[in-house]
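Asks:
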Amino acid sequence: MIRSLALRVAALAGMFFAGAACAQSPLLIGQSAPLSGPVMAVGQDIRAGALAYFNKVNAAGGVHGRKIELVSLDDANDVAKAKANTATLVDERNVIALFGYGSATLSVPALEIAERAKVPFFAPFSGADVLRQRPYVYNLRASYADELEKIVEHYGTLGMTRFAIVHYDDPVGKQNLAAVERALKAHKLSPVAVAAIERGKEAVTASVAAVLKANPQVVIATTRYDATAEFIKRARAQGSNAQFVSTSFAGANALAAELGDKGVGVLMSQVVPTPSRITIPVVREFKEAIAKVAPDKADSFTALESYIAAKTLVEGLKRAGPNPTRAALVKALDSLHDLDVGGYTVRFSPENRDGSRFVTLTMLGRDRVFRD
0 MIRSLALRVA
10 ALAGMFFAGA
20 ACAQSPLLIG
30 QSAPLSGPVM
40 AVGQDIRAGA
50 LAYFNKVNAA
60 GGVHGRKIEL
70 VSLDDANDVA
80 KAKANTATLV
90 DERNVIALFG
100 YGSATLSVPA
110 LEIAERAKVP
120 FFAPFSGADV
130 LRQRPYVYNL
140 RASYADELEK
150 IVEHYGTLGM
160 TRFAIVHYDD
170 PVGKQNLAAV
180 ERALKAHKLS
190 PVAVAAIERG
200 KEAVTASVAA
210 VLKANPQVVI
220 ATTRYDATAE
230 FIKRARAQGS
240 NAQFVSTSFA
250 GANALAAELG
260 DKGVGVLMSQ
270 VVPTPSRITI
280 PVVREFKEAI
290 AKVAPDKADS
300 FTALESYIAA
310 KTLVEGLKRA
320 GPNPTRAALV
330 KALDSLHDLD
340 VGGYTVRFSP
350 ENRDGSRFVT
360 LTMLGRDRVF
370 RD
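Quick note on numbering that gives the first Met the number 0: the sequence shown kicks off at 0 and runs consecutively.
(1) Report all residues from its chain with a CB closer than 8 Å to the CB of Tyr-343; omit the five preceding and five following residues, and keep chain order.
(2) Spatial neighbours of Ile-277 within its chain, please: C-beta separation below 8 Å, excluding the five flanking residues on both sides.
(3) With a cut-off of 8 Å, do at least 3 Cβ pairs link the region 319-328 to the region 339-353?
(4) Please return the same chain residues whose Cβ sits closer than 7 Å to the Cβ of His-153, not counting the five positions on each side in sequence.
(5) Whole angstroms are fine: how far does the CA of Asp-353 sit from the CA of Leu-335?
(6) Express the C-alpha separation of Gln-23 and Gly-61 in angstroms, rounding to a whole number.
(7) Determine the contact status of Leu-105 and Ala-83, defining contact as a CB-CB distance below 8 Å.
(8) Could you give the residue range of the alpha helix (DSSP H) that holds Glu-197?
(9) In three-state DSSP terms, what is Met-267?
(10) Could you check which residue in Asn-57, Leu-312 and Glu-197 has the C-alpha nearest to that of Val-136?
(11) Could you give the distance in angstroms between the alpha-carbon of Lys-184 and the alpha-carbon of Arg-92?
(12) By how many angstroms is the C-alpha of Ser-189 removed from the C-alpha of Glu-180?
(13) Below 8 Å between beta carbons: does that hold for Phe-124 and Gly-99?
(14) How long is the line joining the alpha carbons of Thr-204 and Ala-103, rounded to whole angstroms?
(15) Is Ser-247 helix, strand or coil by DSSP?
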């Protein structure tokens, strides 16, 4: 009897220490992002915005006493590396969620692994159709279709009807082309020119003349900041007076830096409020938090988006309990029906994992800052 009691005491002690260890072990969030290479600015902004919020939570004691650790692996914008990183994060590091991937192109191969392991794939930096209605994908931002409808509607009110489209010549780029064409069709319009380019700004040159030959009033680019900026600079150097507009995918701050003094008047759709609008609570909160992590990113739309995404994910972690599983986190995220993160509302449910349709239009000024 004494031996039996001792065994039970030992078992209970083991359970206690295991629970205590679990309570103190960090909650691992995995990320593969372009932290080096030609589009590293976007990846670095995503990471900085998330860290700003996670650090704030950790300083206040974490989530149910557990700190959050963002495990970021560099994929240098390489699809194969992104997929390999995802396997490492899911199978070796056993992350509870994947967060902030840098594009749809990087996300799609990673989703094979995420869906197999039933890991929440949270807030990819993309509004592409290919990431909509996928199991385990939680999109924080509005879709490209939402952005493009706003763009076309805006220029339509100005009486402009001649639109050209620049897109990447790959599966995701072609989906973006289709999204622009749908937005135009809704207004009984069709593009006067379409340019399909390879990734990288060096691929832009040949497409500029072909687009300008059609004499467009508006050129919509669905490409990254490097290719978008190169196209605009070359087109303006050739005397084009067209209006140039980009979706948020380009990355506002990176695009502004790449354009330099050649970007005045460029329009860009955004999926979060302008970082200068400190009357919005979450923007003001972001400004305070990012100053402690990366003060040079205080005006970054991308970092603000990632901050909002991190705040939303943490609310899911809180609701998932002190020892959350991946399945518990999915259930918790699905319960965020009307989450106000401070002037920005996110709505998730089991039937809808597209959290927001917020879109605003901004213009690049002489100070090289996009404002609405």
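We put the beta carbon where it would ideally sit given N, CA and C, even for glycine.
Replies: The answer reads as follows:
(1) The beta carbon of Tyr-343 sits closer than 8 Å to those of Val-271, Pro-272, Ile-279, Val-281, Ile-307, Ser-355 and Phe-357, all from its chain and outside the five residues before and after it, given in chain order.
(2) Cβ neighbours of Ile-277 beyond the five flanking positions: Arg-283 and Lys-286.
(3) No, the region 319-328 does not touch the region 339-353.
(4) So the list reads Leu-360, once near-sequence residues are dropped.
(5) If you take the alpha carbons of Leu-335 and Asp-353, they lie about 11 Å apart.
(6) Straight-line Cα distance between these residues: approximately 10 Å.
(7) For Leu-105 and Ala-83, no; Cβs fall outside 8 Å.
(8) Per DSSP, Glu-197 lies in no alpha helix (DSSP H) and is assigned neither H nor E.
(9) DSSP, read as helix, strand or coil, puts Met-267 in strand.
(10) When each option's Cα is compared against that of Val-136, the closest is Leu-312.
(11) Rounded to the nearest angstrom, the two C-alpha atoms are 46 Å apart.
(12) Approximately 6 Å, taken between the alpha carbons.
(13) For Phe-124 and Gly-99, yes; Cβs fall inside 8 Å.
(14) Answer to the nearest angstrom: the Cα atoms are 25 Å apart.
(15) In the structure shown, the three-state DSSP call for Ser-247 is helix.
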